[in-house]
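So the structure is just underneath, and the comments pick up after that.
4 protein chains.
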Amino acid sequence: MIPRYSRPEMVAIWSPETKFRIWFEIEAHACDAQAALGVIPKENAEAVWKARNMTFDVARIDEIEAVTKHDVIAFLTHLAELIGPDQARFVHQGMTSSDVLDTTFSVQLARAADLLLIGMDRVLAALKARAFEHKDTVRIGRSHGIHAEPTTMGLTFARFHAEMARGRARLVNARAEIATGAISGAVGTFANIDPAVEEHVCAQMGLTPEPISTQVIPRDRHAMFFATLGVIASSIENIATEIRHMQRTEVLEAEEYFSPGQKGSSAMPHKRNPVLTENLTGLARLVRSAVTPALENVALWHERDISHSSVERAIGPDATVTLDFALHRLANVIERLVVYPENMMRNMNKFRGLVMSQRVLLALTQAGVSREDAYRLVQRNAMKVWEQGADFKSELLADPEVTAALSPAEIEEKFDLGYHTKNVDRIFARVFGES
Amino acid sequence: MIPRYSRPEMVAIWSPETKFRIWFEIEAHACDAQAALGVIPKENAEAVWKARNMTFDVARIDEIEAVTKHDVIAFLTHLAELIGPDQARFVHQGMTSSDVLDTTFSVQLARAADLLLIGMDRVLAALKARAFEHKDTVRIGRSHGIHAEPTTMGLTFARFHAEMARGRARLVNARAEIATGAISGAVGTFANIDPAVEEHVCAQMGLTPEPISTQVIPRDRHAMFFATLGVIASSIENIATEIRHMQRTEVLEAEEYFSPGQKGSSAMPHKRNPVLTENLTGLARLVRSAVTPALENVALWHERDISHSSVERAIGPDATVTLDFALHRLANVIERLVVYPENMMRNMNKFRGLVMSQRVLLALTQAGVSREDAYRLVQRNAMKVWEQGADFKSELLADPEVTAALSPAEIEEKFDLGYHTKNVDRIFARVFGES
Amino acid sequence: MIPRYSRPEMVAIWSPETKFRIWFEIEAHACDAQAALGVIPKENAEAVWKARNMTFDVARIDEIEAVTKHDVIAFLTHLAELIGPDQARFVHQGMTSSDVLDTTFSVQLARAADLLLIGMDRVLAALKARAFEHKDTVRIGRSHGIHAEPTTMGLTFARFHAEMARGRARLVNARAEIATGAISGAVGTFANIDPAVEEHVCAQMGLTPEPISTQVIPRDRHAMFFATLGVIASSIENIATEIRHMQRTEVLEAEEYFSPGQKGSSAMPHKRNPVLTENLTGLARLVRSAVTPALENVALWHERDISHSSVERAIGPDATVTLDFALHRLANVIERLVVYPENMMRNMNKFRGLVMSQRVLLALTQAGVSREDAYRLVQRNAMKVWEQGADFKSELLADPEVTAALSPAEIEEKFDLGYHTKNVDRIFARVFGES
Amino acid sequence: MIPRYSRPEMVAIWSPETKFRIWFEIEAHACDAQAALGVIPKENAEAVWKARNMTFDVARIDEIEAVTKHDVIAFLTHLAELIGPDQARFVHQGMTSSDVLDTTFSVQLARAADLLLIGMDRVLAALKARAFEHKDTVRIGRSHGIHAEPTTMGLTFARFHAEMARGRARLVNARAEIATGAISGAVGTFANIDPAVEEHVCAQMGLTPEPISTQVIPRDRHAMFFATLGVIASSIENIATEIRHMQRTEVLEAEEYFSPGQKGSSAMPHKRNPVLTENLTGLARLVRSAVTPALENVALWHERDISHSSVERAIGPDATVTLDFALHRLANVIERLVVYPENMMRNMNKFRGLVMSQRVLLALTQAGVSREDAYRLVQRNAMKVWEQGADFKSELLADPEVTAALSPAEIEEKFDLGYHTKNVDRIFARVFGES
């Protein structure tokens with residue numbers, strides 16, 4: 001988690017203050033449930049809530065932990081300092097530290113997911129707006145970095161929208177995966193605590209009870225969560241890569257917005273570098289780097305070992321903060337992306353009609369020329385364009401073997417751009433439910 | 001994909017024969033749809049189906065590819081050899097190679113997922129059977145590899161069942177992710193082919209039309225698929241790790257089935273090594289190794305580059321074949337696992353009651369002793385057990401500070417195993433819907 | 001390991017035949033050493049060598065393994081079938097299977113490394129030749145995909161040479177890492193076999209004795225080996241990415257060689273796609289995918305568990321075969337790369353002098369203008385080029401604030417290309433020791 | 001980088017203060033070199049050094065960067081504030097930001113490597129001391145977690161020493177890989193700056209000049225560096241795993257030192273958990289997570305893109321700080337590890353002699369029994385021990401087929417532990433050069 005790549009909203013979820021606040025709420029709700037079951041006195045349960053409006057002193061808790069070497073005991077000791085040892089006597093009864101820690105981690109990840117969904121919605125909104133804005137802005141489609149056939153800028157935005165929408169659906173699933181809580185005791189048997197406590201705490205904290213836990217919530221859930229973030233990060237890289245390509249000097253079909261005061265480089269003032277999307281490419285690598293350790297965290301020894309903990313202290317904040325920042329940076333890039341339709345048209349015409357070769361090939365076949373022959377005819381004329389800078393249409397019109405199969409009007413018609421965009425509305429309807 | 005770690009059913013999905021069969025079906029269905037649209041003659045579409053009962057000559061196709069350096073063209077050439085060039089004239093019309101290749105890959109991955117689901121169901125059935133068989137087989141729960149509190153072997157199987165059931169649900173999602181087809185032409189605009197062809201082919205091949213494709217189906221789908229396999233593999237490692245621990249010489253609570261004729265080691269004939277679960281641990285690493293390249297495959301250049309292709313030629317078969325094999329090996333291990341309840345009981349009694357310390361701690365607190373004091377009392381007596389091999393219960397009964405708070409009968413009661421298993425039925429009901 | 005991405009030389013290293021041949025040699029050399037120590041009869045040791053010219057029947061060994069479920073025992077049984085049970089009686093005495101398996105794996109990896117070094121040498125030779133060929137071929141240097149300052153194509157080749165030379169040195173180190181053998185018995189104590197046997201076998205097999213082994217050779221060695229392959233693969237990706245960029249339609253500064261008969265695409269005959277370098281990009285991902293499982297293989301339980309074995313059966317051949325193929329494919333691409341110097345010059349002139357802005361900035365500073373002011377002056381004129389397509393030099397000559405600091409001749413001089421190439425020889429001397 | 005897993009010495013290397021100090025030194029040394037070349041006035045170069053004893057105001061630099069959006073310009077602006085705009089006029093002349101940034105990163109990584117080497121030396125010293133302390137402490141060697149043959153605790157420490165020593169040698173190599181600097185201008189051509197400046201700056205900063213750079217130092221160097229850290233981390237995991245196994249309740253051959261006041265768990269006061277080594281296992285995963293993004297950073301576009309930058313801002317500090325902490329935590333664990341030789345002996349005797357079966361097998365073969373028969377005889381008696389808890393030696397002595405081949409004294413001798421430790425000194429001599 002690097003300050004320059006973080007937004008305060010997400011950072012706040014991972015602050016010590018937030019953590020202790022959630023710990024407190026879990027303990028207090030557990031007391032309520034224990035009181036309702038008659039396990040602890042009602043007044044003690046109520047008394048715990050006094051701390052609701054108090055401030056947990058992070059430095060003091062750290063100080064206690066330095067002695068006890070146990071974070072939850074340190075917190076409980078501090079809580080007792082706040083509400084009085086007598087009132088605090090029944091707090092945490094029958095629970096094990098992981099009941100608090102794991103349930104808290106779930107709350108934090110669920111909240112993080114909620115923030116990420118907001119970020120994704122912003123990206124989706126931007127992509128949709130730009131897709132409709134450029135629905136009919138024709139540009140050349142490229143495979144292998146080589147001109148293929150015309151497409152539109154709107155389709156590019158639309159496919160990124162579809163990809164991000166899939167990412168959103170995956171994140172909703174991933175959120176559900178980790179939104180479980182466990183208050184099940186030392187090895188998950190509820191020996192010392194009634195399952196009703198777990199149910200109450202989970203309901204209050206917006207979680208589902210973990211059907212079967214050990215000392216901890218099973219880590220396949222978290223692995224799935226971080227793997228999902230990794231896939232979303234890769235989609236961000238996908239969009240970033242497209243924009244970086246568009247901004248290349250020789251292509252220049254779009255540019256990241258360049259604020260008037262911004263300096264591109266200390267040495268080359270004219271340069272407008274796609275630094276945001278390059279940065280997003282790097283951030284995607286960082287988010288993805290959480291996937292492997294999360295997968296390695298799944299196989300814990302018996303009812304738990306604590307090897308996962310240090311990993312999660314890092315990747316919990318790091319992956320969510322970085323992805324959150326990246327989503328908003330991406331949204332910003334898309335919202336403000338400067339698109340150059342004229343450059344798109346200029347690029348498309350670079351090879352004077354060559355990109356229409358597929359249509360001509362098809363027309364020849366349909367006119368009865370064998371596939372092999374049609375291929376040969378098209379290739380022959382295409383090579384003249386490629387090697388001598390000839391105009392493809394003119395060459396075709398001058399090739400007697402071609403004109404034997406196709407009339408001049410038919411050849412002309414093959415160079416109509418509308419041919420390539422005729423299904424854009426249908427595709428938009430598939431993606432957006434409207435066009 | 002290593003022969004010794006593969007099952008023929010899954011290998012068959014990835015054979016050249018299967019691949020060409022699917023290519024053929026896609027081309028033939030596409031011809032049907034084109035004929036229905038009036039784009040190509042009905043009789044040509046029908047003629048293509050002649051090849052339905054013919055055998056595609058893999059060696060011949062390879063031979064042609066060696067010349068053309070293009071696999072789909074090689075196949076189409078061979079198809080024309082089989083059904084006659086005239087009949088084959090309209091095959092592939094308006095399509096691009098990736099229409100065939102990507103749709104085929106989806107069919108293969110969907111079929112692979114179906115096989116994997118069968119493997120998971122076998123694992124689930126085995127886990128459920130063993131869970132009910134050992135629902136009440138008490139063993140010690142361990143955190144950090146250290147004895148904690150009693151649990152049951154049935155709960156161990158049940159939690160693996162819950163984890164695998166989650167894995168199964170994830171795989172169903174992942175299957176849906178990749179079960180899309182695309183027949184959308186060179187850059188996905190349907191310029192040369194009507195979307196109706198895609199709809200027909202997908203319906204016939206059991207796929208959903210990709211809402212918006214470029215030349216290819218977007219690779220975030222595949223990334224999600226392989227990431228899901230990676231999570232399932234990690235769950236296999238989790239189960240394997242538990243069994244490896246149980247089979248340790250000093251623990252010996254369970255053993256992989258050891259067939260009478262089997263030789264454990266060339267040097268130490270008495271050894272029964274958990275080689276299957278160790279192997280599963282390695283196989284899990286292999287399946288997971290597909291995740292990162294799948295994530296790196298997402299960001300293709302513009303409407304496609306072919307960098308993903310070599311990766312998928314490897315991880316497509318490798319990850320599915322290996323996971324398929326691992327699931328059946330795992331099922332076999334679980335089905336035949338030899339469980340030693342007496343050893344479990346013997347291990348649990350190793351520290352003469354020490355594992356009940358949590359109950360005693362709680363009882364002291366409830367009897368009005370402060371948390372800090374209760375902790376001190378329990379720790380004092382526990383250390384005698386630890387260091388001098390004393391019996392925990394006897395020590396407690398002899399400690400006046402303890403007996404001042406708890407009667408001998410109350411202390412006795414804390415060592416009752418039923419206390420720890422009383423909620424097993426409730427947990428089973430959560431996991432299995434029955435208990 | 002995919003046939004289409006493999007070369008027979010490397011595949012042969014991993015064949016069962018090669019493996020059994022190495023097993024045999026290790027066993028036979030061990031017998032020699034045992035005989036020299038007087039542990040086994042000399043005539044038995046000599047008799048073993050009878051099998052030197054016999055063929056090991058892989059199918060027969062597999063058949064035996066199907067019964068014994070142990071590969072080394074199966075081999076030894078077959079060896080006894082070949083040379084007679086009496087003669088074979090002392091084979092493998094005091095050894096454990098891993099002595100054979102691990103030492104064999106080292107031999108295979110060392111041979112694989114030797115082949116890889118040959119591949120790297122071919123790449124290095126190609127890069128050097130092309131570097132000198134294009135030492136003075138000026139092209140624009142780009143940062144962020146944006147034109148920066150002139151450089152030469154030779155420098156591009158030269159830096160790839162330097163990178164590959166580093167890779168070669170790393171591979172030499174990595175080869176040394178894994179070129180150790182161990183004949184140390186069940187847990188590495190030499191209880192049943194004298195260290196002299198290990199020394200003799202290693203000397204004969206071209207290995208160093210592992211200073212301290214357990215049942216196995218420590219896996220940090222292998223992790224380092226595969227990590228090194230991963231770094232080299234990334235360097236291949238680096239070169240491939242450069243070429244893919246150069247071949248982009250809008251850039252077209254170089255192209256992969258396109259054989260006359262080759263078909264680029266079934267649909268677009270004019271296309272010449274950089275499919276080899278795209279493929280190399282994917283192959284690099286595959287080689288890298290071996291790194292994480294190799295790292296996960298390091299932490300084995302106690303004196304060994306067998307989890308590493310399945311991983312190595314896959315990544316051993318896969319990573320080396322794929323990298324070997326990639327190196328030769330890369331060499332081929334570089335050797336035959338078609339370079340377009342005129343296009344390089346045309347691209348460089350796209351922004352009419354703008355790339356010289358750094359020089360002008362510097363000249364202004366040196367002429368006494370403050371850094372801030374110089375920056376402002378350069379930026380002001382650069383923006384006119386960018387936005388209005390003006391000529392940079394002309395604008396500068398027309399800007400009184402600029403000409404107040406720099407004379408027309410001085411401005412002129414800033415646009416001399418020789419300025420940028422003046423140190424090429426010095427750099428070449430650093431890289432190649434000659435220029 | 002998590003405060004609880006970091007040491008201030010390593011954190012300091014990555015502080016903004018340190019970074020700006022290095023930036024300053026690079027700029028100042030560059031001015032010296034430029035003055036020596038006569039490019040800038042000598043007095044300006046000298047004036048820059050005035051800032052040597054000044055404090056760079058991090059907040060002020062951040063403030064400027066918020067406007068300029070360029071960190072190096074922000075720093076230079078602040079430097080001009082400190083030493084006066086006139087004196088600062090020639091600072092950074094002919095340089096590009098990356099000259100400063102990349103050279104600084106090299107200095108930081110080299111310093112980090114130096115600290116890591118100190119940590120490794122501490123680990124090595126601890127391992128050596130414990131190895132000699134327990135050179136003759138016999139314990140059972142285990143393969144597959146199953147008892148195999150006796151070994152000694154000293155050999156365990158010794159093999160970890162050998163592994164860490166390899167790690168140290170790798171780190172020395174890795175340090176050399178990244179200890180290069182570049183002052184070569186916008187695309188690495190030295191167009192605007194003489195190579196002599198680079199040479200001077202590198203010499204002053206303890207670096208080697210990068211033979212050929214672009215705008216940046218090539219990232220294969222950094223990939224190798226982080227890959228090396230990943231291998232070392234895996235070795236830490238290897239040692240940690242051994243200790244975790246030894247501390248298992250059923251094994252208990254060693255324990256992490258447990259300070260008197262330490263609380264193991266809030267619920268189970270008797271527990272002494274191997275939390276440090278579990279934590280090290282997790283930290284190893286974190287360090288390794290830097291490897292993949294570092295590999296992905298190698299392929300930059302043309303003369304550079306900035307995608308690597310955000311990755312390095314994270315993994316630079318994270319991986320080195322975490323590994324540094326882990327090395328010292330590991331050293332601490334080893335130094336204070338509580339070893340239980342009696343428990344080792346007790347564990348070894350668990351299967352009453354069964355672990356000697358290999359010796360008996362060998363003796364039978366040497367006595368003329370066929371390998372197959374010997375195997376059968378040993379297995380027969382071993383199974384009685386395994387299944388009925390019999391004593392292995394007694395069973396052998398009572399088996400007439402065995403005694404037909406071996407005398408009672410010969411059988412007795414097979415159970416002598418000295419047989420297994422006889423080569424320990426030779427192995428120690430290999431590892432430590434002494435024994």
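Sequence lines, in order, name chains B, L, E and H.
Residue 50 in UniProt numbering sits at position 50 of the first sequence; the count goes up by one each step and never skips.
Residue 25 in UniProt numbering sits at position 25 of the second sequence; the count goes up by one each step and never skips.
Residue 85 in UniProt numbering sits at position 85 of the third sequence; the count goes up by one each step and never skips.
Residue 431 in UniProt numbering sits at position 431 of the fourth sequence; the count goes up by one each step and never skips.
Cβ atoms here follow ideal geometry from the backbone N, Cα and C, with glycine treated the same way.
Helix, strand or coil: which one does DSSP assign to residue i?
i	result
E395 of chain L	helix
G38 of chain H	coil
S143 of chain E	strand
G353 of chain H	coil
E255 of chain E	strand
V298 of chain H	coil
A191 of chain E	coil
V91 of chain L	coil
Please classify residue i as buried or exposed, where buried requires at least 16 neighbouring CB atoms within 10 angstroms.
i	result
M348 of chain B	buried
E387 of chain B	exposed
E43 of chain H	exposed
S265 of chain H	Unreliable positioning characterises S265 of chain H in this predicted model, as indicated by a pLDDT of 48, which lies under 50. The coordinate reading is nonetheless provided below. Classification for S265 of chain H: buried.
A382 of chain H	buried
D416 of chain L	exposed
V67 of chain B	exposed
V338 of chain L	exposed
A45 of chain B	buried
Between residue i and chain L, is the shortest Cβ-Cβ distance under 8 Å, so that the two count as touching?
i	result
S6 of chain B	no
If we cut at 8 Å on Cβ distances, does residue i have a partner in chain H?
i	result
N192 of chain E	yes
E342 of chain L	no
Residues bridged to residue i by DSSP?
i	result
G181 of chain B	B:P209
Tell me whether the beta-carbon of residue i lies closer than 8 Å to the beta-carbon of residue j.
i	j	result
E177 of chain E	R221 of chain E	yes
Can you list the residues of chain C that residue i reaches, using a CB-CB cut of under 9 Å?
i	result
W301 of chain E	Included in the structure are the protein chains B, L, E and H, with no chain C among them.
Would you verify that the beta carbon of residue i is, or is not, closer than 8 Å to some beta carbon of chain E?
i	result
I315 of chain H	no
R248 of chain B	yes
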